[in-house]
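Shown next, in structure tokens, is the structure this report addresses.
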Amino acid sequence: MKHWLFLALVVVACSSKHYDDDDDDGGASGDAGAGGGSSGGKGGSAGAGAGAGATSAKGGSGASTSNGGSNAQGGTDLVGGTSAGLAVLSQFIYTGAIGSVTSTQALANPFHRYVTIDRDLFQSSLGVNKLYDSHFVTRDRLGRSLVFLARIVNNGWATQPRGIGIDEETALLVLPTGAASMVGVGAAYFLQAPGPAQVLADKTPMTYLNIGVYKVPQGGTFNLSTWTGTGGVAYTLNVNNGSVTSTQAGGNIY
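Going by my numbering, the sequence shown opens with residue 24, and the numbers climb by one from there.
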């Protein structure tokens, strides 16, 4: 039996301030695999590649797979991606096919032409029902992730999808069991959509209530299988008429 070890940005992983998102340049999937490994096409599974971990050259981003050795079950495979290479590894994907949408744009109009989502590029049991986003705090991407989740529900793809946001210079290392630990300097954010948004219409600011968040800082842990964490903080987000508020101390949405 083959075991999968998701690392550095695949089932959530890292993003670096030294890399520019492909979605900023017109497409999240364009450089998938640029980290030195190879990956399967839409509907397929990530394959073993030459690269190890999840890094790519400055100015790019990518997803990478590697066979990391052998054991009694036949080996451990490593899968990872940075920046846009992270985005393509979840079941639900923000593609950035036309342009990179900001949180302000998405919250004001959840059907903005830059809000382009797709699904099922790769198959990963830990990526099912999830959407990943990178450069999370630095580029203020929480608001747009909430819109993506609302759109996923509206499309009928899932009833309660989940999102994971990773900050820059940060990685989440995930084992096949779903157990994950943090490395780097930033935090990871685990979002739980409660169902459909209260207001979701073209050219109308979104209203979406009671989105659950669990923030995991360095030193904290999270389990993607049980959707529970330790060493972090749980709070709730509400979006009213395009404005995000938080129950966290001080009202901080991050």
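Glycine included, each C-beta is placed from N, C-alpha and C at the ideal position.
query                                                                                                                                                                   : result
By the DSSP assignment, the alpha helix (DSSP H) with residue 215 in it spans what residues?                                                                            : Premise fails: residue 215 lies in the beta strand (DSSP E), 211-215, not in any alpha helix (DSSP H).
In chain order, what are the residue ranges of uninterrupted beta strand (DSSP E) at least 3 long that sit wholly in the stretch 138-222?                               : 140-142, 153-156, 185-189, 193-197, 202-207 and 211-215
Taking 8 Å as the threshold, find out whether the stretch 239-253 comes into contact with the stretch 203-213 through three or more Cβ pairs.                           : yes
To the nearest angstrom, how far is the alpha carbon of residue 133 from that of residue 264?                                                                           : 11 Å
Helix, strand or coil for residue 104? Go by DSSP, reduced to three states.                                                                                             : strand
So, for residue 287: in the same chain, excluding its five sequence neighbours on each side, which residues have a beta-carbon less than 7 Å away from its beta-carbon? : The displayed coordinates of the chain run from 24 to 277. Any statement about residue 287 would go beyond what the structure contains.
Between the stretch 117-132 and the stretch 181-192, are three or more C-beta pairs nearer than 8 Å?                                                                    : no
When we look at the beta-carbon of residue 12 and count the other beta-carbons within 10 Å, is it buried (16 or more) or exposed?                                       : Residue 12 falls outside the range modelled here, since the chain spans only 24 to 277, and no answer is possible.
For residue 254 versus residue 239, is the C-beta distance shorter than 8 Å?                                                                                            : yes
Could you have a look at residue 272 and say whether DSSP puts it in helix, strand or coil?                                                                             : helix
In whole angstroms, what separates the C-alpha of residue 227 from that of residue 100?                                                                                 : 45 Å
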